[in-house]
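Number of protein chains: 2
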Amino acid sequence: MKRDKRTGSADLAVPARGLSRRGLLGLAGASVAGIGLGAAGDRVALAASASPGAASASAVYPFYGSHQAGIVTPAQDRLHFAAFDVSAGTTRAELIELLQDWTIAAAAMTAGQDIGEYGAVSGPYDAPPEDTGEAQGLPTAGLTITFGFGPTLFETADGVDRFGIAARRPADLTPLPHFPGDDLDAGRSDGDLCIQACSNDPQVAVHAIRNLSRIAFGRAALRWSQLGFGRTSSTSTAQATPRNLFGFKDGTANIKAEQPDVVNDQVWVSSSDGPAWLAGGSYLVARRIRMTIETWDRTILSEQETVFGRTKGAGAPLSGGTEFSEPDFTIAGRENQPLIGAAAHMRLAHPMQNKGMKLLRRGYNFVDGNDDLGRLEAGLFFISFQRSPAQFTTVQLNLAKHDALNEYIRHVGSALFVVPAGAADGAYVGSALFA
Amino acid sequence: MKRDKRTGSADLAVPARGLSRRGLLGLAGASVAGIGLGAAGDRVALAASASPGAASASAVYPFYGSHQAGIVTPAQDRLHFAAFDVSAGTTRAELIELLQDWTIAAAAMTAGQDIGEYGAVSGPYDAPPEDTGEAQGLPTAGLTITFGFGPTLFETADGVDRFGIAARRPADLTPLPHFPGDDLDAGRSDGDLCIQACSNDPQVAVHAIRNLSRIAFGRAALRWSQLGFGRTSSTSTAQATPRNLFGFKDGTANIKAEQPDVVNDQVWVSSSDGPAWLAGGSYLVARRIRMTIETWDRTILSEQETVFGRTKGAGAPLSGGTEFSEPDFTIAGRENQPLIGAAAHMRLAHPMQNKGMKLLRRGYNFVDGNDDLGRLEAGLFFISFQRSPAQFTTVQLNLAKHDALNEYIRHVGSALFVVPAGAADGAYVGSALFA
Numbered sequence: 001m002k003r004d005k006r007t008g009s010a011d012l013a014v015p016a017r018g019l020s021r022r023g024l025l026g027l028a029g030a031s032v033a034g035i036g037l038g039a040a041g042d043r044v045a046l047a048a049s050a051s052p053g054a055a056s057a058s059a060v061y062p063f064y065g066s067h068q069a070g071i072v073t074p075a076q077d078r079l080h081f082a083a084f085d086v087s088a089g090t091t092r093a094e095l096i097e098l099l100q101d102w103t104i105a106a107a108a109m110t111a112g113q114d115i116g117e118y119g120a121v122s123g124p125y126d127a128p129p130e131d132t133g134e135a136q137g138l139p140t141a142g143l144t145i146t147f148g149f150g151p152t153l154f155e156t157a158d159g160v161d162r163f164g165i166a167a168r169r170p171a172d173l174t175p176l177p178h179f180p181g182d183d184l185d186a187g188r189s190d191g192d193l194c195i196q197a198c199s200n201d202p203q204v205a206v207h208a209i210r211n212l213s214r215i216a217f218g219r220a221a222l223r224w225s226q227l228g229f230g231r232t233s234s235t236s237t238a239q240a241t242p243r244n245l246f247g248f249k250d251g252t253a254n255i256k257a258e259q260p261d262v263v264n265d266q267v268w269v270s271s272s273d274g275p276a277w278l279a280g281g282s283y284l285v286a287r288r289i290r291m292t293i294e295t296w297d298r299t300i301l302s303e304q305e306t307v308f309g310r311t312k313g314a315g316a317p318l319s320g321g322t323e324f325s326e327p328d329f330t331i332a333g334r335e336n337q338p339l340i341g342a343a344a345h346m347r348l349a350h351p352m353q354n355k356g357m358k359l360l361r362r363g364y365n366f367v368d369g370n371d372d373l374g375r376l377e378a379g380l381f382f383i384s385f386q387r388s389p390a391q392f393t394t395v396q397l398n399l400a401k402h403d404a405l406n407e408y409i410r411h412v413g414s415a416l417f418v419v420p421a422g423a424a425d426g427a428y429v430g431s432a433l434f435a
Numbered sequence: 001m002k003r004d005k006r007t008g009s010a011d012l013a014v015p016a017r018g019l020s021r022r023g024l025l026g027l028a029g030a031s032v033a034g035i036g037l038g039a040a041g042d043r044v045a046l047a048a049s050a051s052p053g054a055a056s057a058s059a060v061y062p063f064y065g066s067h068q069a070g071i072v073t074p075a076q077d078r079l080h081f082a083a084f085d086v087s088a089g090t091t092r093a094e095l096i097e098l099l100q101d102w103t104i105a106a107a108a109m110t111a112g113q114d115i116g117e118y119g120a121v122s123g124p125y126d127a128p129p130e131d132t133g134e135a136q137g138l139p140t141a142g143l144t145i146t147f148g149f150g151p152t153l154f155e156t157a158d159g160v161d162r163f164g165i166a167a168r169r170p171a172d173l174t175p176l177p178h179f180p181g182d183d184l185d186a187g188r189s190d191g192d193l194c195i196q197a198c199s200n201d202p203q204v205a206v207h208a209i210r211n212l213s214r215i216a217f218g219r220a221a222l223r224w225s226q227l228g229f230g231r232t233s234s235t236s237t238a239q240a241t242p243r244n245l246f247g248f249k250d251g252t253a254n255i256k257a258e259q260p261d262v263v264n265d266q267v268w269v270s271s272s273d274g275p276a277w278l279a280g281g282s283y284l285v286a287r288r289i290r291m292t293i294e295t296w297d298r299t300i301l302s303e304q305e306t307v308f309g310r311t312k313g314a315g316a317p318l319s320g321g322t323e324f325s326e327p328d329f330t331i332a333g334r335e336n337q338p339l340i341g342a343a344a345h346m347r348l349a350h351p352m353q354n355k356g357m358k359l360l361r362r363g364y365n366f367v368d369g370n371d372d373l374g375r376l377e378a379g380l381f382f383i384s385f386q387r388s389p390a391q392f393t394t395v396q397l398n399l400a401k402h403d404a405l406n407e408y409i410r411h412v413g414s415a416l417f418v419v420p421a422g423a424a425d426g427a428y429v430g431s432a433l434f435a
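Going line by line, the protein sequences match chains W and R.
With full-length UniProt numbering applied, the first sequence corresponds to residues 1 to 435, in that order.
With full-length UniProt numbering applied, the second sequence corresponds to residues 1 to 435, in that order.
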């Protein structure tokens, strides 16, 4: 199969020539022909000692595979998440070329290479460097780059099917409903495309988003972005459970990579779910959840534990046991009230209360300075992956209506994306959608 | 010497009773008497494995000493910096009590302990936890906490000497002059007090600022704050030179802890400088420098190197050699132009061009999302320590007038603080000012 530029039809392959001319223009006008992957920049080999933590610094996850990396990959410590809008006038062929360019660049960066033939720091001197260079000398630190498509990508604009994919839109890919208490900022919500970059080194994650933004120049522009500094979930049984900014362990009952049956059942879209191009993919929900830290900090310990339904120290269910003990929602205490109350966060989020539905959570703590009143602009950037958006909607409706935690949080940003399957080596991410 | 609450006079000691009643009120109203240091929360011992990087995670720097930590301490990877204003109506005695409370809390946290007698996760259940808890299970990761006083702390308000220290104000502690090109946001500038928290784990730095803010409740309120994720300077010869967001190595010629003569000459205020209470202290300059990343990224490599006066790869002076070679400003190239141009950043910042003056730089890269045009809100949060503000002013005037880099940067925040000497064990930070 050959790619036809005029009609915009494309096969699954990444062009052997490497980045497109437009991609190179995004890299600031490099005027060199035939730029491919950078042999120049083997960052991993340069200086693994420059990063804190040899073990996590040396982790390398392959970009190509049956599923995209960054979902069941053991959650890295740092996040840079970005949503993009495709620029007006961009054609289907140009969108495909962007995805091809992003694939080439993401495969290079996750392998610890610079972008481009010459990379960050070697010639030609009469052109802007192909790679911005701030990750020189840093190992990949487990970098993963995960791409998603928003509902608006499939929409018609002015009666025209923007990219010829309206008919291929998954039936489940509709904007999330309004949940009680939602206080959403459009400037922190939605988007045509998203990229989740995770790494154990924030500079590596920032470098990835920055260079992918450059490559998109003229084709897609940053709509909003979010940095996160502390993972709030474990996605592997090998990881200790981290704490959120309320000081509680978070993600104890999360789906773990070591549970392949659960992952298959709850995370990956199967070929029977439809549409066919989405098999092996997933749905990504992102929610910016502002925490009213100062109010929480004045709440007594017993109330905090009642709100979560767990002890603050060990993270054990209030019904007894240790962190990983199964909660018993029937045990009653004083005045015959259940030890884990009806409004406890962990009860309402439990699969038992949600038709057995689970989410693979992969969120991060954030602090974005402070507001005018001197309160920390802080909270949880929630990310979850699930086989169907209905899983999130079911759980979130339950929480939004009843969760005792609502007194201390406010959902201020929201987005839903469909995450295509991983790209086979040589193909581009999302190619099945355009095949 | 005994502290007299009525007159507000105070000796140098931290009260043996631990946090003040007001400090405890800040910790959300804990109604327990006699709260001291937390034996409960030996965080370091809990789970050093939870953090990436055993080496950097296990670092512990003592809080007490002749100089404050966080200045010549090997620069940690992450920053949370906060400026505070003392609340209206706060008395001298209350300010002293705040500094005592901050000292107790900082000594505990830098030693890996929780704040308070009961800490984050153990009783009493009818009171808010004394410590917010998100650092439970994390090692200190080299946490340092450094305190400073702004010029406004020494001012008179409505004709009244706010805290009875106007006469003790250092003659050098005047607001920085306006530099050409300054575009300062008052909301990101100045402050009565500052706290610099550095750690190799961002959650540990954030935890420190958050809990010190709580303790200040009713006495001082957060004015502005800044997170930084990548150190842009080395302060020890054992550290590799990091890169800024322009992709260049930064801080190659920085003052290093292993140069005690230079540190004494350029960083610490001596007893002959005056005032006496400031001996062993330093001056801290903070500048939020926004980088116009997108413009820079379209600049050709030779221009980028000309702007800095160094190669992008090795960071060597354009006059030749390797990263740590001394630049030769006299060598000329084509058309008899100097290889390191007259407007090159490294020439203008070099001590040779600044009466031999040096700065100990300790800045951090930041990315705070993006602006409405989709450009990354990114740059350098510059911090420098020096024996006199004149060192910074001399260098910055030189740069502000001539630096080729000015085309790509904008100073949007600015603050000057005086950093008192370190506290002796049992004394509180800044006690000499009030003695």
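Ideal placement from N, C-alpha and C gives every residue a C-beta, glycine not left out.
When we look at the beta-carbon of residue i and count the other beta-carbons within 10 Å, is it buried (16 or more) or exposed?
i, result
"K401 (chain R)", "exposed"
"L373 (chain W)", "exposed"
"M109 (chain R)", "buried"
"P242 (chain R)", "buried"
"L37 (chain R)", "Its pLDDT being 37, under 50, L37 (chain R) is placed unreliably by the model, and the measurement read from it follows with that caveat. That one is buried."
"Q396 (chain R)", "buried"
"T174 (chain R)", "exposed"
"A220 (chain R)", "buried"
"F147 (chain R)", "buried"
"N336 (chain R)", "exposed"
"E407 (chain R)", "exposed"
Please say whether residue j and residue i have beta carbons closer to each other than 9 Å?
i, j, result
"L176 (chain W)", "L416 (chain W)", "yes"
"R287 (chain W)", "F366 (chain W)", "no"
"R168 (chain W)", "R290 (chain W)", "no"
"F229 (chain W)", "P202 (chain R)", "yes"
"L24 (chain R)", "E130 (chain R)", "yes"
"L227 (chain R)", "D368 (chain R)", "yes"
"A57 (chain R)", "A141 (chain R)", "yes"
"G379 (chain W)", "L245 (chain W)", "yes"
"Q304 (chain R)", "P128 (chain W)", "yes"
"G116 (chain R)", "L27 (chain R)", "yes"
"I104 (chain W)", "L19 (chain W)", "yes"
"A432 (chain W)", "W277 (chain W)", "yes"
"T156 (chain W)", "A166 (chain W)", "yes"
Contact defined as beta carbons within less than 8 Å: I believe residue i pairs with residue j. What is the distance between those atoms, to the nearest angstrom?
i, j, result
"Q386 (chain W)", "S282 (chain W)", "7 Å"
"I340 (chain R)", "R347 (chain R)", "5 Å"
"K312 (chain W)", "F392 (chain W)", "So it is not a contact: roughly 26 Å between Cβ atoms."
"A421 (chain W)", "S189 (chain W)", "Contact flag wrong, Cβ pair sits at about 26 Å."
"R210 (chain W)", "Q76 (chain W)", "Between Q76 (chain W) and R210 (chain W) the Cβ distance is about 18 Å, and since that is not below 8 Å, they are no contact."
"V418 (chain W)", "F179 (chain W)", "V418 (chain W) to F179 (chain W), Cβ: 20 Å. No contact."
"A345 (chain R)", "A404 (chain R)", "Reading the sequence as shown, one finds His at residue 345 (chain R) and not Ala. Right, the Cβ-Cβ distance comes to about 7 Å (below 8 Å), so this counts as a contact."
Tell me the DSSP secondary structure of residue i in three-state form.
i, result
"R287 (chain R)", "strand"
"R6 (chain R)", "Confidence at R6 (chain R) is low in this model, with a pLDDT of 33, below 50, so its placement is unreliable and no value can be given for it."
"Q203 (chain R)", "helix"
"D101 (chain R)", "helix"
"Y61 (chain W)", "coil"
"G36 (chain W)", "Annotation note: pLDDT 37 at G36 (chain W) (below 50); position unreliable, no value reported."
"A54 (chain W)", "Any answer about A54 (chain W) is weak, because its pLDDT of 40 lies below 50 and its placement is not dependable; what the coordinates show is given next. In the structure shown, A54 (chain W) sits in a helix (DSSP, three-state: H, G or I)."
"N244 (chain R)", "coil"
"W268 (chain W)", "coil"
### Task
Inspect the CB distances between the region 115–123 of chain W and the region 282–294 of chain R and report whether three or more fall short of 8 Å.
With a cut-off of 8 Å, the region 282–294 of chain R and the region 115–123 of chain W do not count as touching, because too few Cβ pairs lie within range.
Q. Is it a yes or a no for the region 192–210 of chain W touching the region 71–87 of chain W, going by three-plus beta-carbon pairs under 8 Å?
A. Counting Cβ pairs under 8 Å, three or more are found: they touch.
- Query: Are there three or more Cβ pairs, one per stretch, closer than 8 Å when the region 65–72 of chain R is compared with the region 209–220 of chain R?
  - Reply: Taking a contact to require three or more Cβ pairs closer than 8 Å, the region 65–72 of chain R and the region 209–220 of chain R do not qualify as touching.
Touching by the beta-carbon criterion (3+ pairs, under 8 Å), the region 313–327 of chain R and the region 342–357 of chain R = yes
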